[in-house]
Each structure stands twice: as C-alpha cells, then as structure tokens.
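Chains as they are written, first to last, in the working numbering: chain A, 15 to 609; chain B, 581 to 965. Idealized CB from N, CA, C, for every residue including glycine. This structure is a prediction, so every number in the text was calculated from the model and none was measured.
Take a look at the structure:
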C-alpha cells in the first residue's frame, strides 16, 4: 500500500517535472523501458544517453536497479510482447518478489487484476555492459542538475566544473539559460569557466579567467593557479596576465572571508569566555571573593545537563560511594528528547546555585576579610568536588549529545557561520541581558549593588547584608552552572572541565575591571578576537620571525603551533595591558587608599 | 602572626634559640645519620630518594613562604621556577646520556623521534655542567625579574598578583607541553644515566650518587634556611614584613616598596629553581606536569599547613604533607584528593597559623586543664592575613 502511494507520488512529481521542463513527450520511465527492450548494446547506450540532462527521481532509481540486476523482461504467457519489470521488496518464502512495470511504475498485474509476484530466476534479466554503465554514469552525473533543491544543484554543478570535462559544457550552457536561482547561476558560470580553462583557443581561456575573476570563488583558486602555470610554460603572456588578475581577485576575496571568519570565530570564542567569566564577575568582581571552585560550579552545571539528558532519554546508573543510584529515564526520542536542553538550563542554574549557597554558608562567609585565604580554601573545595565528580561520574568524559539543531551552518558569501557558534553568541547575549535585568530592574539587584558599593552603609539602612551575600554568591554560582550547561553542548564534560576555563575566566574579569559587568563583556570579546586573530595569522607571520636575533628559529618553530603560541601571546598582552591600566578597562573610582 | 619572627623580645629570643637547636639536631639527623643508615642498608635507597624529593619540596615551600608569609605576596608561579630550574639541569643530564638512549644516537631520544639529525643550537652549551648551573640561576632569574618588574611597577598586588603569576605558569605549561619547543613535550626529560661522571643507575655506584645528591640537597636546604633566617633579622627583613602588614605606610615612609618586592621575588624564584635543579636527578624525571597550576597551589598548601610567616613551618609542611601524600595515595587512592582538599579548608578556617602555631594555641587549653583558675581566656584570637 505504502509502495503504491510512493509510486503515485513519484509519478506525480514526474508529471510535474515534465510539465515544467516541457521537453520530452516520453517519460523517463518509458525511455528506460524502451532501452531495456532494445536489442543491441549500442542501441541501449543511445537511448540511455538521450536521458542526459533530464532530471527525474525515477532515473537514478531505475538505473541503479539496472546496475544491481533487478530489471527483468517478463514474458506474458499469452504470447504478447515482453514487459520490462523491476523486482522490488524482499523475497518471501517462495523467493518471489513484487514486480513493478518500468514503463509507468505501476504494479504488474495478471489478467484478473491481481498483483503478480515473480521469481527472479524464472525471468530474463536485462544485461548491462561496461559501456552501458559508463553511459548510465554520464546520465546520473547530470540528474542532480535538474533537482528541485538548489543546494543539490550547486553541488552537482561544482562536481562537474571541477572535473573540467569539456563534454558537459552543452548541458551546463542549456541549464544556464533556464536557471532562475542566482546562486546556481553563479555556480554554473563558474563551472563553465572552469571547463573553458581547458579550451584550446586563448580567447576562450582569457574570457573564462575574466569570469572567474568576476566570481572570485575560493574553490577556483587551484584551477586558476594551474592555468597560470600552464600558460607560463607555454609562454602565453596574455593568459598569464588574465590569470594573475583572477588570482588577485580571489586572494582579495580570500582575505575578506578569512577576516570575517576570524571575527566571527572571535565573537564566539569571546562568548564562551564571557559566559564562563560572568559568574566570576559577580563573585569575584562584585563580592571580591576569589572562588577557585568556580570551575567546579561550571562542571556542576554540565553534569546536571548530563543527568537531565539521561532523564529524558534512557536513564542512567550512578555509582555513589558504593551504592548505585539508578535514575530512570522517560525514554523520549526525537523532538521531545532534543528539548531536554530547555529543561537542563534552569536545572543547571539551580543545581550550581544550591552548591554555591552551600559553599558560601559553610566556608566563604568566614573569609570575606581574608581574600587570599578564600582563594586557598576554595581551591580545597575545588579539589574535593573534582574528586567527587570522578568518583560519581567516572574519570572519563561523559557523553552529552549535542542536539541535532546545532550541527549545521549558514554559508553567506563563502563565510561559514556554524550554528553551534551562532548558538554560543546568542546564549551569551541572552545571559548578559538577563544579568543586566537582574542587577538593574529587580529589588535584589538593587540590594546587591548597594551592599557591594558600601557594605556598612547598606547594613545601616537595614539591608540584611548576610542574606544578600548569600544570594549574590548563589547567583554567581548559578551563572557558572549555566555556563556548564552551555559548554556541555560544544565540548567534553569531564571532572576537570572547570580547570580548563578557570585561568581564562580570571583573566577576563581582571582585564575587564573588577566589579564591572560591561568591562567583562568588552574584555571577553577583546580577548576572544585577539586570540582568534593570532591563531589565524600567526602561521603566516612565522617566516618573519626568523629575523629576530638569537631566538628567531625558536620563535618560528613555536609560531607553527598557532593555538598555543597565540594563547601565550594573549597572556603576555594581558600582562602588558595591566601595566597601562592596572585596574582593568573600567576602573571603579574610589577615594579609599586600599581601594 | 604579626610578631612571631623578629627576635627582639626575650620570649622570642628563647624561641629563636629553641628553633636553632631543633634545626641543628634535625640537620645532623638528616645529613649524617640518615645517609649513614642508608649506607648500612637500614634505610632503603627508595626511602632515601623519596626523602630527598621532600627536601627539594621544602626549598620550594621556603620560596613560597618568603613571598607569602613574609612579604604578603601570594605567588602561584613558584612551581614554574622550580620546573625551570629542573629543566635547565635536566638538559645537562639529557646530554650526559650520550648515545646510550633507545636510538643509540648522540642526541636525546625525543629529538631523534621528532626527526632531528643534529643537536639544535641552543642545546649545545648544555654539555657543560657549569653552563647548566648558570642557566639554572639565569633563566628563572631573568624571567622573574621581567615579570616582577612589570607587575610591581604597576602596583599589581594581592589577588591580582596571584592570578597573574598563575597565568604565567599556565602559559609556560602549555608551551612546554608542545613538542615544537624541543624540550621533550609532554614526556619531558627522563632516563638519566650520569651526573658529573657518576652513574645514577648503576647498581653499585647509583646508590652512592643518590646519597651524595641527598646530602647536597640537605646542605643547600640548610644554607637557604640560614640565608632566610639571617635576612629576617636584618633591616631588609623588617621592611619586608612591614610591606606585608601595611604597604602604604612603607611607601609613605619613603621606601621603594617595589624594589624590595622585586628583590625578594627574584630571590625566591632562585630558591625554587635551585630546589628544582636538585629535584630532577633525585626524581629521575621532569615534565610539564610539574608546572600545572595545581602544583603551585599545592606548595602553598604545604606552607599553610606548616605555618606561614615562620621558616620551620614550610619545611615541616612540605615534608609532612608529602609524606602523608605518599602514604595516602597508596592507602586511599580514590579519597586522597578529598582528604587534601578538606585538610586545606580546615587549616584555612581553623588553624591559620599552621602546625607550628599549634603549641601556642594549645597552651591556654593545657593550662586550663592543669588548673581551672590559671587560664581564663580561650585560645588566642585568629590571626588576620
């Protein structure tokens, strides 16, 4: 039944396509049926070859079936002409399979109108020679050209262009005339130009290079380079000049793509830094508490996400100090399962906030006057928590599946915008906006700012500073938990997850200026961009470093590890930056000497 | 913790004498009796090596304490200087392997592995022990001078200083993890064979060399202890503690606090570096793990547990905590970190003066137990840092 509907749909599409293109009176199915019946191999090749440029879902299906030996000639008992059929479906106990007429895709029926099931060995198979298979491949190469989906068309055209086969030119030119989509038109022009680079006469090649210079796509760079080399050896000055023009255009485009790509990556790296540092900007920046366990708060959030995910999925068993704690799952799948992240975000915030409040009540509140010692005590906490994670969740990373909606990208003018990075930036903006709302528009935010600006005065006005401390620390920790939920989507979740971010996040807060959220935002994006710029361009600077006396070769060697060297340079820059502005980008002015 | 170190009052003078005699006894035990017992076979070679490492850690702890306990600068980068010293000495030891490595090549194995045929230029001078020792002093010295100059000039202090030193260490660590640095990558240096012509691995000569290294480490520790003790009695030591207790007052009194801090920062980098240089032949390995931010923090734990602002405390803490660690990692491998973390929290919260302050804090309690009328006040109030 389902098969019938499927075929019906295929037929409908076929009919529509035919109406749209309006070329052949004969459907593709009929052509193939005719080919199957054709006597000689040569005739078959010609008939199949006539399909070139046709786009019809039936063509790849039937030709593939042909190559798989699934096409047969059915000779009806009453001596009528043989009918070409395709056997589909799995064989049943008797070895029979459903037979479908190739000519119209309808099931083969007997005289009574009942569907016939046939045994392959009883039938005459439709043969195929290597020459025929080549002809089929030529047809199949072109099928996607007519696909209704522009992305498929572009991909097919790209393959054709890069193969530089001159015999595809007419088809591409025909297509160019009927094509309406601008992107596909550009791709067609590119492909035609690429093929024409192989042309015999100079004028065509120069014209092709002109088109390529106009289009300046990254993909054509290698071909233009090859054409230039060839022309140089052949001594064709004009072609060389045209190729150089094209190369300049492509290089200009490449540096533009690199620049925007780098800026975009910088923004997303900056957002990651921002999200992990925001919690710290609250606890360290506003409260002055050095929370070395901040990284573990992030890990708490990430593990909460992991638990919520399993709660939505198959459930999980957690060994808990000798006991094993089984968490049953809801066993959801598909869209409902992918929605776990929406539940995980508040859960991560709450879990980390609860741990944070516990930490504040039990340890940190005794150390408000001793910042260096709060650093040490919270480091102790961080050690304990890391080991607890290891004991509970294992020393290895746990699997948090990234939702399917994060794996894709937008490509605008050959600059790739990955959705996960877009998500990162969006999440960062949301959190900053949320914090801004909390700090400026809620009574709690007002109290927080009051206590942080002048604790004694706030206490005199009747603010319960102890309680505000607790809530502020809870908010900071909760933000770390959010960061954890967020990091679980783009990286690994393991016991030392937090450790990899703690140094960076302290840097961001210190550079931004303590006690200043806006400074944190600016410094996160600044550090992120500089980091990405260095990573992108360091390798190209490496040769220049050889000139540095004494350590030239050493620097050059290091610059090849652009990720690491870039990071080191960023840290160096931060140290130098603090020479210039010791209190960060935004300074909280105060008349107090110890400020 | 304000006055424990200046031997000006008579009480302090007696305490000072007591400390000196205790140090003398321990020094004789460590430097003479312990190696003798080892020569007799009573103390195993393994134990001797482990205690040698503890002594190197004590040097590291002293460097942390001179900065933190005496000057109020919590440096989280001392493990970097320790490792740098270790690496510089390690380069010499790597050259002494000669062609006895796995690949039987005249250059260190990891270079062969990276495809090098000849020695990189900067490795060549390390054939000389004297050059390596100069580099042990020079490399951490120059680095700490540059960093300290920049940091103190712009008056980076307190927590910021801690965070920046940690960032410096972190940067160095990721750099040393790379093979491209040509310093052994994440495996670091190991498989040492000879030091100054004496074998480290030979079954007959090896233990003797180790004993020599142990004694050398002990002597260096004693000398550094003496240096720090002497420094604390000078006017310099007084300014140092004044900076800790009220830097602005020192500034207003006309002292260039930054220069004092820079001097002590470089000195402490050198102490740590020498500790690292002694550590490498005793441990037989140096790799970037030693530069992890945790390592610096661990050294701070030793000082905090032993008692900062004293000179015996850090040594006691380094040896004690490490001894505890080697026991606990074997007895409770899963729980050791929880134990260490908890120890840290408890010491910070309840015993800010560390183990050495324990007698003075227990004294009133003891008095109260002896006679209820004698001690009226509870333990001395918690010190403030």
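Between the segment 607-624 of chain B and the segment 855-869 of chain B there are fewer than three C-beta pairs closer than 8 Å, too few to call the two in contact.
An exposed status is given to residue 825 of chain B, since fewer than 16 other beta-carbon atoms sit within 10 Å of its beta-carbon. Neighbours of residue 575 of chain A in chain B, taken as residues whose beta carbon is under 8 Å from its own, are 758, 760 in chain order. Judged by DSSP secondary structure, residue 465 of chain A falls within the alpha helix (DSSP H) whose first and last residues are 457-467. With 16 or more other Cβ atoms inside 10 Å of its own Cβ, residue 739 of chain B counts as buried. The beta carbon of residue 253 of chain A sits closer than 8 Å to the beta carbons of 216, 219, 220, 223, 241, 242, 245 from its chain, once the five residues preceding and following it are set aside; these are given in chain order. Using a C-beta cut-off of 8 Å, the segment 125-134 of chain A makes no contact with the segment 54-68 of chain A, since fewer than three inter-stretch Cβ pairs fall below that distance. No Cβ-Cβ contact shorter than 8 Å links residue 413 of chain A with residue 310 of chain A. At a cut-off of 8 Å between beta carbons, residue 592 of chain A contacts chain B. For residue 72 of chain A, the enclosing alpha helix (DSSP H) begins and ends at 72-81. Proximity of chain A to residue 742 of chain B at the Cβ level (cut-off 8 Å) is accounted for by 304, 386, 389, in chain order. Residue state for residue 98 of chain A is assigned as strand, using DSSP reduced to three classes. For the 8 Å CB-CB criterion, residue 275 of chain A and residue 543 of chain A do not form a contact. When DSSP states are grouped into helix, strand and coil, residue 129 of chain A belongs to the strand group. Distances from the alpha-carbon of residue 330 of chain A to those of A/440, A/408, A/516, A/373 put A/408 closest.
When Cβ pairs closer than 8 Å are counted between the two stretches, the segment 297-316 of chain A is seen to touch the segment 502-514 of chain A, the count reaching three or more. Listed along chain B are 743, 747, each with a C-beta nearer than 8 Å to that of residue 521 of chain A. Within the same chain, 749, 752, 871 come within 6 Å of residue 660 of chain B by CB-CB distance, once the 5 residues on both sides are set aside. For residue 80 of chain A, no CB of chain B lies under 8 Å from its own CB, so it is not counted at the interface with that chain. Taking a 10 Å sphere around the C-beta of residue 475 of chain A, we find fewer than 16 other C-beta atoms and assign the residue as exposed.
When DSSP states are grouped into helix, strand and coil, residue 483 of chain A belongs to the helix group.
Under DSSP, residue 341 of chain A shares a beta bridge with A/330. Taking a cut-off of 8 Å on C-beta distances, the segment 829-848 of chain B does not touch the segment 759-775 of chain B, as fewer than three cross pairs fall below it. In the structure shown, the three-state DSSP call for residue 424 of chain A is strand. As the crow flies, the alpha-carbon of residue 200 of chain A is around 26 Å from that of residue 277 of chain A.
Here the alpha carbon of residue 889 of chain B sits roughly 43 Å from the alpha carbon of residue 784 of chain B. Listed in chain order, the positions of the segment 684-695 of chain B with a beta carbon within less than 7 Å of a beta carbon of chain A would be empty, since no residue qualifies. Contact between the segment 485-501 of chain A and the segment 362-373 of chain A is present: 3 or more CB-CB pairs across the two stretches fall below 8 Å. Spanning the alpha carbons of residue 594 of chain A and residue 730 of chain B requires a straight line of approximately 10 Å. For residue 394 of chain A, the nearest beta carbon of chain B is closer than 8 Å to its own beta carbon. Among the CB atoms of chain A, none fall inside 8 Å of the CB of residue 908 of chain B. In the DSSP assignment, residue 209 of chain A falls outside any beta strand (DSSP E) and lies within the alpha helix (DSSP H) extending over 196-210.
In this structure, DSSP gives residue 419 of chain A a helical state, which the three-state scheme calls helix. Taking one beta carbon from each stretch, the segment 379-393 of chain A and the segment 222-238 of chain A have fewer than 3 pairs nearer than 8 Å; the two do not touch. When Cβ-Cβ separations below 8 Å define contact, residue 401 of chain A makes contact with chain B.
Comparing C-alpha distances from residue 736 of chain B to each of A/363, A/590, A/49 shows the shortest one belongs to A/590.
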